[in-house]
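Okay, structure first, notes after.
Numbering (full-length UniProt numbering), first residue to last: 1 to 587.
Below, the structure written as structure tokens:
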């Protein structure tokens, strides 16, 4: 009746129905609990006063809270009194189930299948050398554990004894199994270091040995320090501080005693588990339980240019295509969203036989962030590609701004390096407001009209909302962006570094083959660089028409030199004609 409270059945009902409720059991943590316990026990015991007055009087004198302290003259009378006390208290829900006694006969009768673990090691191992601590760690998704054994030599055999173990519940935050294995390894080194501090004054211990069945955690502990995450780096640092990385080895999961506490086991199974109480039997033969980790050096030496060292990849193009198709990064960068539509007839400026950059397309690519110093971003730089509509060669330039002045200077640099174009093509998409305003400014500016009219340059704009009109330069811009993703990525470069990278990307694009190259094609593939300078940009120049004497020409001998080189000049002209014919056939 003390623990009563009021309860409203329905707070929205008027008038409210109020009930009086009370607890049937005493709640834990109430201040009056000890008093209620004593009062309840005394009330229950005194209810047997008429039936068993002697037992009730003896029990009231011996009871203290929920304990009973008493003694008897013989073991038989103690057992009889204990049975009477337990029978009397069990009717009230009090289970008298544990006791401490000095009588060996009484205590011996209550022991049931004891688990015997040797605790006195020193008398047996103090006269022997070769004592060391052996530790094992293991983890699961629910817990991670560590166990330590003492191993010593006894004649021709080795013995092991259980020392200590620890088990921890896995963190609430979800972690991968390798990270849980690393937590188990950290728990093991802390435990084995604590045991070593306690036994080092009693025994002459050899360096400890630690075992784990996780090759990932073992690689973190024994491997070279790399750009690891802080979680891994901090724990590996503490593990190496307590135990040297050379004292770690790998063992099979079936021979790991720490497997038992990390997964759980019933009491009957634990009692019969010799692996847990005695450790692995064949630990001395490390080749039986320890895996041979793959080495970093080749055991077999072979001749450098022998028959067996030559690598011949059959159907190499198919193999490379298969590898690229299965590569996640390559599929993300090379994948196409939609199927390519049928190709329409090419316009005249795409198939006419003209010099490089005679017909040129220009467009702006995405802005790129540049930095002034090693830590400060300086602004943006815009990529301005000039594309030859005939040879598919490209000329890349960087602009600090998208204004008319910067673009006009860039165009002058292009004309100075590549020559005057006959026709210029550019985008006219209204969705890009800055681009549209810039192109409109270029079209209407009087200086531009005067500059173009003097040099007879014709500027054509694509139809609005028709990006496929500019496919000749849009496709190469895609190739440039793909190269920038692979080469630069998310790095922040200075303007000089970015300019160097852009020029190298220009060299790569101009060195790409213009046609499909088969495996049986022995001719060098035609690239835009062949049409620009007569050779590939990534190959060395030929010494066919240059000697050391050519640099000391004098006017009297100049004519003889030119006449002697006429066959060479004829050969170069034939080579240019051959390149032109191959381009026509591949197109």
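Note that beta-carbon positions come from the ideal geometry of N, C-alpha and C, so glycine has one too.
Per-residue DSSP class, three states only, for residue i
i: residue 457; result: coil
i: residue 13; result: coil
i: residue 465; result: coil
i: residue 478; result: helix
i: residue 22; result: strand
i: residue 148; result: strand
i: residue 380; result: strand
i: residue 53; result: helix
i: residue 320; result: helix
i: residue 192; result: helix
i: residue 538; result: coil
i: residue 3; result: coil
i: residue 274; result: helix
i: residue 501; result: helix
i: residue 552; result: Because the pLDDT at residue 552 is just 48, under 50, the model does not fix this residue reliably, and the value given afterwards should be weighed accordingly. If DSSP states are grouped into helix, strand and coil, residue 552 belongs with the helices.
i: residue 31; result: coil
i: residue 131; result: strand
i: residue 175; result: coil
i: residue 62; result: helix
i: residue 357; result: coil
Of the residues the options, the one placed nearest residue i, counting alpha carbons only
i: residue 347; options: 398, 472, 142 and 226; result: 472
i: residue 353; options: 316, 391 and 96; result: 391
i: residue 138; options: 422, 497 and 188; result: 188
i: residue 151; options: 166, 185 and 207; result: 207
i: residue 235; options: 278, 215 and 185; result: 185
i: residue 464; options: 426, 86 and 25; result: 426
i: residue 415; options: 90, 158, 356 and 34; result: 356
i: residue 396; options: 417, 403, 379 and 404; result: 417
i: residue 72; options: 64, 58 and 65; result: 58
i: residue 205; options: 358, 224 and 132; result: 132
i: residue 35; options: 410, 166, 66 and 398; result: 66
i: residue 481; options: 501, 11 and 466; result: 501
i: residue 254; options: 409, 265, 275 and 239; result: 275
i: residue 363; options: 320, 351 and 407; result: 407
Buried/exposed call for residue i, threshold 16 Cβ in 10 Å
i: residue 478; result: exposed
i: residue 608; result: Examination of residue 608 is not possible in this model, given that the chain is present from 1 through 587 alone.
i: residue 130; result: exposed
i: residue 42; result: exposed
i: residue 30; result: exposed
i: residue 468; result: exposed
i: residue 345; result: exposed
i: residue 506; result: buried
i: residue 176; result: exposed
i: residue 528; result: buried
i: residue 214; result: buried
i: residue 63; result: buried
i: residue 54; result: exposed
i: residue 217; result: buried
i: residue 100; result: exposed
Residues near residue i in its chain [Cβ-Cβ closer than 6 Å; skip 5 each side]
i: residue 193; result: 242
i: residue 140; result: 262 and 263
i: residue 365; result: 383 and 477
i: residue 183; result: 144
i: residue 135; result: 148, 188, 192 and 210
Own chain partners of residue i with C-beta closer than 8 Å, once the 5 adjacent residues on each side are dropped
i: residue 476; result: 385, 387, 392, 394 and 509
i: residue 492; result: 369, 370, 371 and 377
7 Å CB neighbourhood of residue i in its chain, flanking five on each side removed
i: residue 495; result: 370 and 381
i: residue 413; result: 397
Report the residue ranges of all beta strand (DSSP E) runs contained in full by the stretch 211 to 259; include only those spanning at least 3 residues, in chain order.
-> The DSSP assignment places 248 to 250 as complete runs of the beta strand (DSSP E) inside the stretch 211 to 259, in order along the chain (cut-off: 3 residues).
Could you tell me which uninterrupted alpha helix (DSSP H) segments, each at least 4 residues in length, are contained entirely in the stretch 363 to 427, listed from first to last along the chain?
-> 404 to 418, all fully within the stretch 363 to 427.
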